[in-house]
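*Asks:*
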Amino acid sequence: MTAKQHIMIKGVKDGLLFLLDDQCDFEVILSELKHKLEKTHQQLLSGPLIHITVKLGQRAITEEQSKQLSDILRAQGNLMVQAIESDVPPARKLRAHAQLKVATTIVRSGQEIDYDGDLLLLGDVHPGGVVRCTGDIYVMGALNGIAYAGINGRKEAIIAASVLKPTQMKIADIMSDPSDDVEPGDGLMEYAYIENEQLCVQKLTLLHRENRVPIIMRGV
28 MTAKQHIMIK GVKDGLLFLL DDQCDFEVIL SELKHKLEKT HQQLLSGPLI HITVKLGQRA
88 ITEEQSKQLS DILRAQGNLM VQAIESDVPP ARKLRAHAQL KVATTIVRSG QEIDYDGDLL
148 LLGDVHPGGV VRCTGDIYVM GALNGIAYAG INGRKEAIIA ASVLKPTQMK IADIMSDPSD
208 DVEPGDGLME YAYIENEQLC VQKLTLLHRE NRVPIIMRGV
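Residue numbers 28 to 247, in this note's numbering, belong to the letters of the sequence shown in order.
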């Protein structure tokens, strides 16, 4: 008898969709995912860069488990995890940035930074540079490149910068669109967030509306 499959892989417009069984043990998911990537689906998952979205169903996972999934997928080399999404609504509560990482660097074109948690970047993100986090992104400089926050599906994440002029932004599964009829502001001391399933931009002085403990940012 054929063993039950706990992971379904479907092709979508932007890449591949991984649908995970939300009733089995998480360790079973990890084992089957490794097997598919290394043994049974090598031809499907080989070649150029492939964007991956992971659907967890009604399963709620920790940030460490999210990192385990991401690490297994990214080990393939050509798989880029766009989002890990759960149908379980995230708890909205006051956050004190307990997992804040502080990095002092300049993200140049072609460079990428990935972090599990919130990131405070003391430097600039140049066009062509990429910053991805499961939590918030705070750039104490100019954000002119690409920023993806809440990549595990956390829609309450934000992207903030002293100079907010990104090439592209994405929070959870909501991506900025140059065709959106949204007034972007002057880019100075601003943050992006999700409201009504759209990316919006406000001044950092209004951050208290998000019911969080803000990071105090100073101009460059």
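Ideal Cβ positions, reconstructed from N, Cα and C, are used throughout, including at glycine.
Alpha carbons only, please: which of E54, K37 and Y218 is nearest the one belonging to L46?
*Replies:* Answer by Cα proximity: K37.
*Asks:* Can you pull the DSSP bridge partners for A188?
*Replies:* BP columns for A188 point to V166 and E217.
*Asks:* With a threshold of 7 Å on Cβ separation, who are the neighbours of I79 within its own chain once the five nearest residues in sequence on each side are excluded?
*Replies:* The residues are G42, L43, F45, L100, L106, M107, V108 and Q109.
*Asks:* What are the boundary residues of the beta strand (DSSP E) that includes I198?
*Replies:* Element bounds for I198: Q195 to I198.
*Asks:* For V166, count the other beta carbons within 10 Å of its own beta carbon; 16 or more makes it buried, fewer makes it exposed. Which is it?
*Replies:* V166 should be labelled buried.
*Asks:* For a test of the three-state rule: what should DSSP assign to H33, helix, strand or coil?
*Replies:* Coil.
*Asks:* At what residues does the alpha helix (DSSP H) containing H62 begin and finish?
*Replies:* Segment F53 to H62, the alpha helix (DSSP H) holding H62.
*Asks:* Figure out for me which residue from D48, A176 and Y220 has the closest Cα to the Cα of R86.
*Replies:* It is D48.
*Asks:* Ordered along the chain, which non-local residues of its own chain (more than five positions away) have a Cβ less than 6 Å from that of I173?
*Replies:* Hits under 6 Å: V157, T194 and Q195.
*Asks:* T80 by DSSP, collapsed to three states: which one?
*Replies:* T80 falls in the strand class under three-state DSSP.
*Asks:* Comparing alpha-carbon positions, which option in E224, L191 and N223 lies nearest K230?
*Replies:* Here the closest residue by C-alpha is L191.
*Asks:* Put D98 into one of helix, strand or coil per three-state DSSP.
*Replies:* In the structure shown, D98 sits in a helix (DSSP, three-state: H, G or I).
*Asks:* Going by C-alpha to C-alpha distance, which of T161, E183, E222 and Q225 sits closest to L96?
*Replies:* Closest option to L96, Cα to Cα, is T161.
*Asks:* Output needed for S206: all residues of its chain with C-beta closer than 6 Å, excluding positions within five of it in sequence on either side, in chain order.
*Replies:* In this prediction, S206 scores a pLDDT of 48, lower than 50, which makes its location untrustworthy; the coordinate-derived value is nonetheless stated afterwards. Excluding residues within five positions, none has a Cβ falling inside 6 Å.
*Asks:* Is the beta carbon of G180 closer than 7 Å to that of I111?
*Replies:* For I111 and G180, yes; Cβs fall inside 7 Å.
*Asks:* Give the straight-line distance between the Cα atoms of Q138 and K82, rounded to the nearest whole angstrom.
*Replies:* Each residue's alpha carbon lies about 27 Å from the other.
*Asks:* In the DSSP assignment, the beta strand (DSSP E) including Q109 goes from what residue to what residue?
*Replies:* Element bounds for Q109: L106 to E112.
*Asks:* When the Cα atoms are used, what is the spatial distance from S113 to Y220?
*Replies:* When rounded, the distance between both Cα atoms is 19 Å.
*Asks:* May I ask you to report which of helix, strand or coil DSSP gives Q229?
*Replies:* If DSSP states are grouped into helix, strand and coil, Q229 belongs with the strands.
*Asks:* Alpha carbon to alpha carbon, how far is L127 from L233? Give it in angstroms, no decimals.
*Replies:* Rounded to whole angstroms, L233 to L127 spans 21 Å at the Cα level.
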